[in-house]
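**Student:** Anchor point for the sequence shown: position 446 equals 451 in the working numbering, and the numbering is continuous, going up by one each time.
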Amino acid sequence: MTTLDQVESTHFDTVVIGFGKAGKTLAMGLANAGRSVALIEESPAMYGGTCINIGCVPTKTLLHDADLHSAVAPGSATGPDDYSSAMERKKALRKKMNAANLAMVEKPGAVVIDGRAEFVGERRIKVTAGTDELEVTGENVIINTGATPRVPTIDGLPENPVEDPRVLFSTELIDRDALPRRMAVLGAGFIGLELANMYAKFGSEVTVLNGKDRLVPHEDSEASEAIEEVLTQNGVRFLFGTSLTSVDAPQSTEAPLTLNLDVDGEAQALEVDALLISIGRVPRTEGLGLEAAGVETGPRGVVVDDFLRTSAKNVWAVGDVNGGPQFTFVSYDDHRIVKDQLLAGKGETGRSLANRGPVPNCTFLTPPFARVGLSEKDARQKAEAEGWDVAVARAKVADIAVMPRPKAVAEARGFLQVVVDRKTEQILGATLFCIDAQEVINTVTLAMKHQLPYTALRDAIYTHPSTTEGFNGLLQQI
């Protein structure tokens, strides 16, 4: 890392704002190609970005330990001692990966500058660290500032709710040393569900407050019902049709919070030791001075075209800040799109959002829930316009005889579903709620990307026992 007074040159081929997945990977690639690069990061604690510090890696580290210690039977829990040891392992891994990411970027041609970045003109950026300031310029600028939690206004709590240590966003929760005995989760999106599942498995009494009448309403009803059933088995309690009207927060932060709820029109009170706010994340654009650079923003963040170019010349926006899917692997693909333009000279003939292809995703529950392409309901809604003859293969994990792995490891809950067009034999989408789903979904994605017929998955030879071999039996239904 470099402090402002240590910066030797203030003009670079490329300036990257933010140490996230896309930005850091671009910085490394450009430096390796002989370009001069400055990567500006406000917080040394975020070297490497959200994923390794406060997102994917820490949460999956904790979930692994929760699953490991509660593997005796579905619904069994661990406890404070197991949570403490998991936290220590998570902290050690984060520290190691944070330092490794800094070392990967700091190489000849690249400099990591600690400070807050703000545009003051066309590709002119003021960097502030304490009372010190420095202006740097770049032939190209990459905006990679990520996203931040959506902050609700809650009667009874400060404007910034996490000023009360009993109120937490995901970042604060997974840094909390003490396991909350009773926790409410405001919001039933996938981040909220992941954390609800994980903390229930550690032994917390977890209640999810959901304003809808079912979980993940954008998914097929079978998926919603299956997720609710499994998470309930894992120890999570759900309140549907629920809004949080106010909070009674005693001055002593050792005292519990009382959540005043409206549950389907009925007033209820819930006493908890911690409240997790998980109602989504919004692109982080405030304080960047984007108007000074001529960078247009919209409701979804920085406005970009299919090549991630902003409205300002030679300025790109990558990762969560550009309004795309907020996944680390999507950010990584963003870097490829920009790299094609900056290094390969492909211009508009290279990689783009338009030719990205199917993008999988996975919610790390126990077991994981993974998706790619269309759900059944979405496929049927589009069938007439697209000329599809939609067919669906669906089976509970426990009923797929050719797939013994789930039974062997005592996790045979969930289901597999594949949606296809009978006419072309093309795969339209898949929903996998099963052990190993985060891996198996990639096989389906690859088949879709290369337009393989569903029969290619049905007739393939897989290792045994594996979850992937479930396709041998499942796809016989079509």
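Note that the Cβ used here is the ideal one computed from N, Cα and C, for glycine as well. Predicted model only: the values in this text are computed from it and were never measured.
Would you identify the three-state DSSP class for Arg356, choosing helix, strand or coil?
**Tutor:** DSSP places Arg356 in coil when its eight states are reduced to three.
**Student:** Could you check the C-alpha separation between Gly194 and Thr429 for me, to the nearest Å?
**Tutor:** Using only the alpha carbons, I get a separation of about 34 Å.
**Student:** What does the Cβ neighbour count give for Gln422, buried or exposed, with the cut at 16 atoms within 10 Å?
**Tutor:** So Gln422 counts as buried.
**Student:** Measure the Cβ-Cβ separation of Gly120 and Ala134 and say whether it is below 8 Å.
**Tutor:** A contact, by the Cβ cut-off of 8 Å.
**Student:** Per DSSP, what are the beta-bridge partners of His16 in this structure?
**Tutor:** According to DSSP, His16 bridges with Thr142.
**Student:** Throw me the rounded Cβ distance for the Asn103 and Gly53 pair, which I believe falls under 8 Å.
**Tutor:** With 8 Å as the limit, Asn103 and Gly53 qualify as a contact, their Cβ atoms being about 5 Å apart.
**Student:** Helix, strand or coil for Leu9, going by three-state DSSP, please let me know.
**Tutor:** Correct three-state label for Leu9: helix.
**Student:** Sorted by chain position, which residues of the same chain lie with C-beta nearer than 6 Å to Pro79's C-beta, five sequence neighbours on each side aside?
**Tutor:** With a pLDDT of 48 at Pro79, under the threshold of 50, the modelled position of this residue cannot be trusted; read the value that follows with caution. Counting only Cβ-Cβ distances below 6 Å, and skipping sequence neighbours, we find Gln238.
**Student:** If you follow the beta strand (DSSP E) that Ser336 is part of, which residue opens it and which one closes it?
**Tutor:** Unbroken run through Ser336 is the alpha helix (DSSP H), 333-347; no beta strand (DSSP E).
**Student:** List the residues that DSSP assigns as beta-bridge partners of Cys367.
**Tutor:** Answer is Ala375.
**Student:** Apart from the five residues on each side of it in sequence, which residues of its chain come closer than 6 Å, Cβ to Cβ, to Gln346?
**Tutor:** The answer is none, since no qualifying residue turns up.
**Student:** Thinking C-beta only, is Ile432 closer than 8 Å to Val407?
**Tutor:** In this structure, Ile432 does not lie closer than 8 Å to Val407 by Cβ.
**Student:** So for Ala322, helix, strand or coil by DSSP?
**Tutor:** Here Ala322 sits in strand by DSSP.
**Student:** Using a 10 Å radius around the Cβ and a threshold of 16 neighbouring Cβ atoms, would you call Thr74 buried or exposed?
**Tutor:** Residue identity differs from the one stated: residue 74 is His in this sequence, not Thr. Flag for His74 reads buried.
**Student:** At which residues does the beta strand (DSSP E) containing Ile130 begin and terminate?
**Tutor:** Looking at the DSSP string, the run of the beta strand (DSSP E) that includes Ile130 is 129-134.
**Student:** Tell me the rounded alpha-carbon separation between Val141 and Thr176.
**Tutor:** Cα to Cα, the separation comes out at about 31 Å.
**Student:** Quick check: Tyr88 and Phe174, are their CB atoms within less than 8 Å of each other?
**Tutor:** Cβ distance not < 8 Å, so Tyr88 and Phe174 don't count as in contact.
**Student:** Give me, in chain order, the residues of the same chain whose beta-carbon lies closer than 6 Å to that of Cys367; leave out the 5 immediate sequence neighbours on both sides.
**Tutor:** Closer than 6 Å at Cβ, skipping near neighbours: Pro373, Ala375, Gln443.
**Student:** Helix or strand or just coil, what does DSSP make of Pro506?
**Tutor:** Because residue 506 is not part of the residues shown, which for the chain are 6 to 483, the question remains open.
**Student:** Counting pairs of beta carbons, one from the region 301-310 and one from the region 209-222, are three or more of them closer than 8 Å?
**Tutor:** Output reads no: the region 209-222 does not touch the region 301-310.
**Student:** Quick one: using the 10 Å Cβ neighbour count with 16 as the cut-off for buried, is Leu479 buried or exposed?
**Tutor:** With 16 or more Cβ atoms within 10 Å of its Cβ, Leu479 is classed as buried.
**Student:** Can you tell me which of the three DSSP states Gly192 falls into?
**Tutor:** The answer is coil: DSSP assigns Gly192 none of H, G, I, E or B.
**Student:** Using only the alpha-carbon positions, how far apart do Thr468 and His340 sit?
**Tutor:** Looking at the two C-alpha atoms, the distance is approximately 34 Å.
**Student:** For Val45 versus Val20, is the C-beta distance shorter than 8 Å?
**Tutor:** In the sequence as displayed, the identity of residue 45 is Ile instead of Val. Yes, they are a contact pair.
**Student:** What are the boundary residues of the alpha helix (DSSP H) that includes Asn106?
**Tutor:** Note, Asn106: alpha helix (DSSP H), 85-110.
**Student:** Note the first and the last residue of the continuous alpha helix (DSSP H) segment covering Lys412.
**Tutor:** Run containing Lys412: 410-413, per the alpha helix (DSSP H) assignment.
**Student:** Go to Val221, then tell me how far its alpha helix (DSSP H) extends in each direction, as first and last residue.
**Tutor:** Neither: Val221 is in no alpha helix (DSSP H) and is coded neither H nor E.
**Student:** Would you say the region 141-160 touches the region 243-253, given that touching needs at least three Cβ pairs under 8 Å?
**Tutor:** Enough Cβ pairs lie closer than 8 Å, so yes.
**Student:** Roughly how many angstroms separate the alpha carbons of Pro255 and Val335, rounded to a whole number?
**Tutor:** The alpha-carbon atoms of Pro255 and Val335 are separated by roughly 42 Å.
**Student:** Should the region 263-272 be regarded as contacting the region 90-97, the criterion being three or more beta carbon pairs within less than 8 Å?
**Tutor:** The answer is no - the region 90-97 does not touch the region 263-272, with fewer than three Cβ pairs under 8 Å.
**Student:** In angstroms with no decimal places, state the Cα-to-Cα distance between Ala38 and Val116.
**Tutor:** Taking the straight line from one Cα to the other gives about 15 Å.
**Student:** In terms of residue numbering, what span does the alpha helix (DSSP H) encompassing Ala398 cover?
**Tutor:** Element bounds for Ala398: not the alpha helix (DSSP H) but the beta strand (DSSP E), 395-401.
**Student:** Are there 16 or more other CB atoms within 10 angstroms of the CB of Val125, so buried, or fewer, so exposed?
**Tutor:** The residue in question, Val125, is exposed, as its Cβ has fewer than 16 Cβ neighbours within 10 Å.
**Student:** Would you list the residues sitting across from Ala115 in a DSSP beta bridge?
**Tutor:** Beta-bridge pairing links Ala115 to Val42.
**Student:** The alpha helix (DSSP H) with Arg181 in it runs from where to where?
**Tutor:** From DSSP, Arg181 is part of no alpha helix (DSSP H); its letter is neither H nor E.
**Student:** Taking the C-alpha atoms as reference points, what is the distance between Ile148 and Ala298?
**Tutor:** Cα to Cα, the separation comes out at about 11 Å.
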